[in-house]
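Below is one structure; the comments refer to it alone.
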Amino acid sequence: SEIKTITINSLKSYGEKWEGSMARVIVYVKDPENQEFEEVKKFDIEGFHDSNTSVSYTNFESLDKRFAKIGSTLKVNVSLVGGTTFKIVGMMFCRF
């Protein structure tokens, strides 16, 4: 079986602390027979909205370049690229 998707549950919130909040996610895969990681997915997730409430959102992304086979190493790099606050509440990897 292969890992074909990544799902990140993140929080969107409001106010000065959350204004401009943005995270960049880069997913890398390294097969057992390779020495180097290959970037397979890159996407941004917003953490701010105009509603006066905090809401959890599901961000579903397909690893469209290449899937992670059994025995592969999967690396996820998350960087804050906007604002000062971002919150991830869950992360899942799946074959679907």
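Under our numbering, the first residue of the sequence shown carries the number 1310, and numbering increases by one thereafter.
Glycine included, each C-beta is placed from N, C-alpha and C at the ideal position.
Subject >> When S1371, N1386, F1369 and V1364 are compared against Y1323, the one with the closest alpha-carbon >> reply: Relative to Y1323, the option among S1371, N1386, F1369 and V1364 whose CA is nearest is V1364.
Original post:
Buried or exposed: S1319, going by 16 or more other Cβ atoms within 10 Å of its Cβ?
Top reply: Label assigned to S1319: buried.
Original post:
Should V1338 be labelled buried (16 or more other beta-carbon atoms within 10 Å of its own) or exposed?
Top reply: By the 10 Å Cβ count, V1338 comes out buried.
Subject >> Where D1353 falls: helix, strand or coil (DSSP) >> reply: In this structure, DSSP gives D1353 an extended state, which the three-state scheme calls strand.
Subject >> Coil, strand or helix - N1386 by DSSP >> reply: N1386 carries a strand assignment under DSSP once its states are collapsed to helix, strand and coil.
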